[in-house]
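Going by the working numbering, the sequence shown opens with residue 758, and the numbers climb by one from there.
Virtual Cβ for every residue (Gly too), placed ideally from N, Cα, C.
Comments concern the structure below.
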Amino acid sequence: MECLQACSWGHRSVEKFLCSSCDDLLPLYDWLYLLFIALVPLLLNSFFVQLYAPPKSTRQHLFLQHLCCLLECTLSALFSVLLMPPRGTPILYGCTKNSLRDWYPVFYNPIVNHTYTLRCTQEIVFPLYSLPFIYLAFCLICLIILRSILYLTVLKNSYIANEPYYATLFAIPVIALFHALFAGLLYYSFGYVALVCSLGLNTLHMALKREKSICKLYYEMIYKPRNLFVLIVHMALFGFSILTLTLNRITANGTLISLFAILLVPLPSLFYLVTVGITDPEHVHSAF
């Protein structure tokens, strides 16, 4: 049909005149982008639980709250994918993306006779723009329902903080606003964002222990469950970023160079352990 109006949801314009349905299977890179978006609320949820944990909180109470965060995000992701066409299946179809401008069609509406703007804006990058909003909406719903059930049943007589609950309620709309404005930029750079965050957070986490001995720091990281869990999360995020950045390097037989890069996952932590003794500021000042 002629482009007298925007294409319907799940369609995009072809040669500026026809609307074609989005029937292409999502590539792995798009799935990794959606996974990155799904991980952001989960990591923030867990961060708020740890940040606002009162001194009297037991390990069991913290574990239940982290488990509830994981359940909230898992159910939200499942419901979001099942809601997208074809509904009821874990398969997602999308449109082919050509450039960054496909993410911001509102800025490229045609102008007729230099006076009248023809509103032909549609989701060209379907479903990568709309699906995260649906996921975040489900995150809010699951947060309100599941976290309330947890607080009113299992943790009813326990001393827990309510700050993680309200912090997440505030953070999810902020994530949605950020996605609305910078989704296109994030799509092409989320691998680098994950890489910087994993390296920075891993360094910060190990530096906060203030241990100058390799053996003591090794003991702190490996034999304390909380530190070991945080270390594993940082390594997983680092591996995720490496996989994303090397995804386009595919050989003829279909193997990925990314698989070999997974061997580099422990490298940042090992490098910090080996060099922690010679990076003490006292040694730096004594050298001058």
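Listed in chain order, the beta strand (DSSP E) runs fully inside the stretch 928-969 amount to none, counting runs of at least 3 residues. In this structure, the alpha-carbon of Ile1019 lies about 7 angstroms from that of Leu1000. DSSP places Asp780 in the coil class of the three-state scheme, outside both helix and strand. A direct Cα-Cα distance of roughly 10 angstroms separates Phe805 from His823.
If you draw a straight line from the Cα of Leu909 to the Cα of Leu800, it is about 24 angstroms long.
Take the alpha-carbon of Pro862 and the one of Gly941: they are about 11 angstroms apart. Beta-bridge pairing by DSSP links Arg844 to no other residue. The beta-carbon separation of Leu821 and Leu900, rounded to 15 angstroms, does not stay under the 8 angstroms limit for a contact.
Between Leu974 and Lys966, the C-beta gap is smaller than 8 angstroms, which places the two residues in contact.
For Arg769, the pairing in a beta bridge is given by DSSP as Ser777.
Beyond the five residues adjoining it in sequence on each side, Leu782 comes within less than 7 angstroms, by CB distance, of Tyr850 in the same chain, given in chain order. The secondary-structure analysis by DSSP pairs Tyr916 with nothing; it has no beta-bridge partner.
Under a 10 Å Cβ-count criterion, Ile979 is classified as exposed, with fewer than 16 other Cβ atoms of the shown protein chains found around its own Cβ.
Remark: C-beta atoms of Trp860 and Val882 approach each other more closely than 8 angstroms.
When the Cα atoms are used, Pro784 and Val931 turn out to be separated by approximately 28 angstroms.
Taken through DSSP and simplified to helix, strand or coil, Tyr908 comes out as helix.
By the criterion of at least three beta-carbon pairs nearer than 8 angstroms, the stretch 883-890 is not in contact with the stretch 823-834. Note on the stretch 794-857: whole alpha helix (DSSP H) runs with a minimum of 4 residues are 816-840, in chain order. A residue is called buried once 16 or more other Cβ atoms fall within 10 Å of its Cβ, and Leu791 is buried on that count. Of all C-beta pairs linking the stretch 942-958 to the stretch 805-818, fewer than three are shorter than 8 angstroms, placing the two stretches out of contact. Taking a contact as a CB-CB distance under 8 angstroms, the pair Phe986 and Pro1025 does not count as one, their CB atoms being some 17 angstroms apart. Contact check for Tyr1029 and Thr960: beta-carbon distance about 6 angstroms, within the 8 angstroms limit, so the pair qualifies. Judged by DSSP in its simplified three-state form, Val863 adopts helix. By the CB criterion at 8 angstroms, Leu938 and Ile891 fall outside the cutoff. Val797 and Ile1035 have their C-alpha atoms some 34 angstroms from each other.
Look at Thr1032 here: in three-state DSSP terms it is helix. Sequence-distant Cβ neighbours of Leu789 in its own chain, meaning closer than 6 angstroms and more than five residues away, are Thr1001. Between Arg769 and the set Tyr786, Ala928, Thr853, Thr815, the nearest pair of CA atoms involves Thr853.
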